[in-house]
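Throughout the sequence shown, residue numbering follows this note's numbering, covering 152 to 530 in sequence. The C-beta atom is built at its ideal place from N, Cα and C for all residues, glycine as well. As the structure is a prediction and not an experimental result, all values here were calculated from the model. Note sheet for the following structure.
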Amino acid sequence: MTNLPQDALEKAPETITGDPVADDFQTLHEIVAAAHRALDRNMWDYVAGATETETTMRRNRLALDRIAFRPRVLNDVSRIDSGAEFLGKSVRLPIALAPVGGLESLGHEGGLTVARAAGQAGVPFFLSSVNQLGLERVAAAATGFKVFQLYVRGGDDFVDDHVRRAIDAGYDAFCITVDSAIYSRRERDIANRFAKPWRGATPGMQYQAGLTWDQVRRMRKRCTVPMMLKGIATAEDAELCCREGIDVVYVSNHGGRQLDHGLGSLDVLPEVVQAVAGRAKIMVDGGVSRGTDVVKAIALGADAVGIGRLYCYGLAAAGIAGIVRVIELLELEVRECLGLLGLASFAGLDASYVRKAEPVTDPRVHSAFPLLSLPKQHY
Numbered sequence: 152m153t154n155l156p157q158d159a160l161e162k163a164p165e166t167i168t169g170d171p172v173a174d175d176f177q178t179l180h181e182i183v184a185a186a187h188r189a190l191d192r193n194m195w196d197y198v199a200g201a202t203e204t205e206t207t208m209r210r211n212r213l214a215l216d217r218i219a220f221r222p223r224v225l226n227d228v229s230r231i232d233s234g235a236e237f238l239g240k241s242v243r244l245p246i247a248l249a250p251v252g253g254l255e256s257l258g259h260e261g262g263l264t265v266a267r268a269a270g271q272a273g274v275p276f277f278l279s280s281v282n283q284l285g286l287e288r289v290a291a292a293a294t295g296f297k298v299f300q301l302y303v304r305g306g307d308d309f310v311d312d313h314v315r316r317a318i319d320a321g322y323d324a325f326c327i328t329v330d331s332a333i334y335s336r337r338e339r340d341i342a343n344r345f346a347k348p349w350r351g352a353t354p355g356m357q358y359q360a361g362l363t364w365d366q367v368r369r370m371r372k373r374c375t376v377p378m379m380l381k382g383i384a385t386a387e388d389a390e391l392c393c394r395e396g397i398d399v400v401y402v403s404n405h406g407g408r409q410l411d412h413g414l415g416s417l418d419v420l421p422e423v424v425q426a427v428a429g430r431a432k433i434m435v436d437g438g439v440s441r442g443t444d445v446v447k448a449i450a451l452g453a454d455a456v457g458i459g460r461l462y463c464y465g466l467a468a469a470g471i472a473g474i475v476r477v478i479e480l481l482e483l484e485v486r487e488c489l490g491l492l493g494l495a496s497f498a499g500l501d502a503s504y505v506r507k508a509e510p511v512t513d514p515r516v517h518s519a520f521p522l523l524s525l526p527k528q529h530y
């Protein structure tokens with residue numbers, strides 16, 4: 152008879168690893184629950200919430216839930232490679248840690264921890280310009296592919312300075328967020344009377360409101376690394392991206408945190424893929440919570456998938472180890488999904504492996520985690 156403690160005996164033997172983080176977090180919903188315990192109400196609602204009625208956020212999840220798989224069988228999937236390429240570099244999964252402002256308020260040194268975790272996990276990360284630690288300091292902590300993301304808070308000199316500093320610090324790509332001309336009314340934060348501490352240090356939002364394609368064209372000429380536009384939601388703007396030489400068209404609605412009553416990102420993706428027609432790489436985010444979500448996005452034409460809330464939960468739950476564990480669990484889910492689709496890698500995955508279907512769950516920010524038990528108002 153084994154001498155393992157009783158609580159260990161209650162777990163399946165293959166899940167006992169000796170790694171306390173891996174043993175505590177054997178599913179993604181356990182990480183979400185731990186983050187809920189770690190964060191106060193203000194920060195939980197900041198991460199989990201969206202704008203006004205939160206319709207766009209729900210549509211992000213609904214768009215993912217409306218996609219079903221068409222698996223093939225009797226293919227050799229004894230060895231599965233879930234790796235990918237991101238702007239010419241090999242990565243562990245076709246995902247990236249999307250830019251999130253105010254990471255320091257989630258604890259564990261914010262952006263520094265995310266940079267270190269991304270390097271350890273083997274995936275790219277984006278640093279938002281809304282961070283308190285400085286782009287150079289975070290770059291020095293990074294060991295993998297890193298992207299600097301800018302909110303425009305000043306004129307041409309401000310933009311030129313950030314482009315130069317990001318390139319000098321070794322960022323592999325430069326990203327401009329373009330869906331935030333007006334800061335939205337995020338009613339969870341308003342109802343909590345929560346004034347975000349990092350907002351006070353970033354005046355000049357009128358410059359973001361005044362951003363135009365002419366200024367994007369000017370930036371593109373000065374940027375010597377791949378350039379991305381994040382917040383593309385139509386085929387028309389995807390076409391303009393390609394005309395301006397943008398390297399990565401990033402389909403996003405800010406996680407439902409900007410325009411209310413928008414389309415879900417995965418509903419937008421096909422028209423963007425058609426418009427781009429191979430002239431640029433395509434990223435997408437919005438509601439991505441499981442490995443199956445990643446596979447669906449790649450099947451529909453994305454080259455990489457951004458995750459935001461999910462890695463924030465890992466950060467809040469256990470710092471570097473929590474983020475790395477999120478990536479490990481996503482990798483397990485991705486590999487399982489590929490294998491059961493009859494694929495040994497992402498090569499060969501295309502739209503023939505998916506089709507539209509009726510959803511079976513009510514879409515919410517955490518509806519991908521049916522075992523998650525939280526008070527209704529915290530969903």
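* To do: Identify, in the order they occur along the chain, each residue of the same chain with its Cβ nearer than 8 Å to the Cβ of Asp436, setting aside the five sequence neighbours on each side.
  => Ala249, Tyr401, Val402, Ser403, Gly406, Ser416, Val456, Gly457, Ile458 and Gly459
* To do: Using the Cα positions of Ser331 and Gly169, report the straight-line distance between them to the nearest angstrom.
  => 45 Å
* Asked: Going by alpha carbons, who is nearest to Arg430 out of Leu391, Cys326, Arg344 and Arg267?
  -> Arg430 has its Cα closest to that of Leu391, out of Leu391, Cys326, Arg344 and Arg267.
* Rounded to whole angstroms, what's the CA-CA distance from Ala519 to Arg441? Just pull it up for me. => 7 Å
* **Sub-7 Å separation of Leu380 and Leu420 beta-carbons** => In this structure, Leu420 does not lie closer than 7 Å to Leu380 by Cβ.
* Hey, how far is the Cα of Cys393 from the Cα of Leu284? -> 33 Å
* To do: State buried or exposed for Glu387, treating a residue as buried only when at least 16 other CB atoms are found within 10 Å of its CB.
  => exposed
* Per DSSP, the bridge partner or partners of Ala235 -> Val242
* To do: At 4 residues or longer, and completely inside the segment 314-386: list those alpha helix (DSSP H) runs for me, N to C.
  => 338-342, 356-360 and 364-373
* **Touch test, the segment 251-270 against the segment 217-229, Cβ-Cβ under 8 Å, three pairs minimum** => No: fewer than three Cβ pairs fall under 8 Å.
* **Beta-bridge pairing of Leu301 - partner residues as DSSP gives them** => Ile327
* At which residues does the alpha helix (DSSP H) containing Ala272 begin and terminate? -> Gly262 to Ala272
* Does DSSP put Phe276 in a helix, in a strand, or in coil? -> DSSP places Phe276 in strand when its eight states are reduced to three.
* Asked: Can you give, in chain order, each stretch of the alpha helix (DSSP H) that sits fully within the segment 161-222 and has at least 4 residues?
  -> Within the segment 161-222, the runs of alpha helix (DSSP H) at least 4 residues long that lie entirely inside it are, in chain order, 171-175, 179-189, 192-199 and 206-216.
* To do: For Arg531, write down the residues that DSSP places opposite it in a beta bridge.
  => The chain is shown from 152 up to 530; residue 531 falls before or after that span and cannot be answered.
* Grab me the residues of Lys527's own chain with a C-beta within less than 6 Å of its C-beta, minus the 5 sequence neighbours each way, in chain order. => none
* **Status (buried if at least 16 other CB within 10 Å, exposed otherwise) for Pro164** => Since pLDDT at Pro164 reaches only 45, below the 50 mark, its modelled position is unreliable, and no value is offered.
* To do: Compute the beta-carbon to beta-carbon distance between Asp411 and Thr207, rounded to the nearest angstrom, for a pair I have assumed lies under 8 Å.
  => Yes, Asp411 and Thr207 are in contact; Cβ-Cβ is about 6 Å, under 8 Å.
* To do: Determine the DSSP secondary structure at Tyr401, reduced to helix, strand or coil.
  => strand
* Between the Cα of Ala342 and the Cα atoms of Gly355, Leu213 and Thr202, which residue gives the shortest distance? -> Thr202
* Asked: So, using beta-carbon positions, are Cys374 and Val314 closer together than 7 Å?
  -> yes
* Asked: Counting pairs of beta carbons, one from the segment 485-502 and one from the segment 193-202, are three or more of them closer than 8 Å?
  -> no
* To do: Could you please give the first and the last residue of the uninterrupted beta strand (DSSP E) stretch that includes Gly457?
  => Ala455 to Ile458
* Asked: If you drop the 5 nearest sequence neighbours on each side, which residues of the same chain put their C-beta closer than 7 Å to that of Glu161?
  -> Any answer about Glu161 is weak, because its pLDDT of 41 lies below 50 and its placement is not dependable; what the coordinates show is given next. If we look at Glu161 and ignore the five residues flanking it on each side, it has no Cβ neighbours.
* Contact check, Gly465 vs Ile182, beta carbons under 7 Å -> Yes.
* Contact check, Met370 vs Val310 under 8 Å by CB: the rounded distance? -> 6 Å
* For Asn193 and Lys347, the rounded distance between their alpha carbons -> 9 Å
* Following the continuous alpha helix (DSSP H) through Val419, name the residue where it begins and the one where it ends. => Ser416 to Val427
* Asked: Any idea which residues DSSP pairs Ile433 with across the strands?
  -> Val400
* **From Pro354, Gln357 and Asp307, residue whose alpha carbon lies closest to that of Arg368** => If we check each option's Cα against that of Arg368, Asp307 comes out closest.
* Asked: Which class does Ala247 belong to by DSSP, given the choice of helix, strand or coil?
  -> Assigned with DSSP and collapsed to three states, Ala247 falls in strand.
* Asked: Can the beta-carbon of Val399 be found less than 7 Å from the beta-carbon of Met356?
  -> no
* Asked: Whole-angstrom Cβ separation of Gly270 and Ala467, contact assumed at under 8 Å?
  -> Actually they are not in contact, since the Cβ atoms of Gly270 and Ala467 sit about 20 Å apart, beyond 8 Å.
* To do: Can you have a look at Tyr504 and say buried or exposed, based on whether 16 or more other CB atoms are within 10 angstroms of its CB?
  => buried
* Asked: Nearest-angstrom Cα distance between Arg188 and Gly499?
  -> 41 Å
* State the start and end residues of the unbroken alpha helix (DSSP H) segment that holds Glu287. => Unbroken alpha helix (DSSP H) run through Glu287: Leu286 to Ala292.
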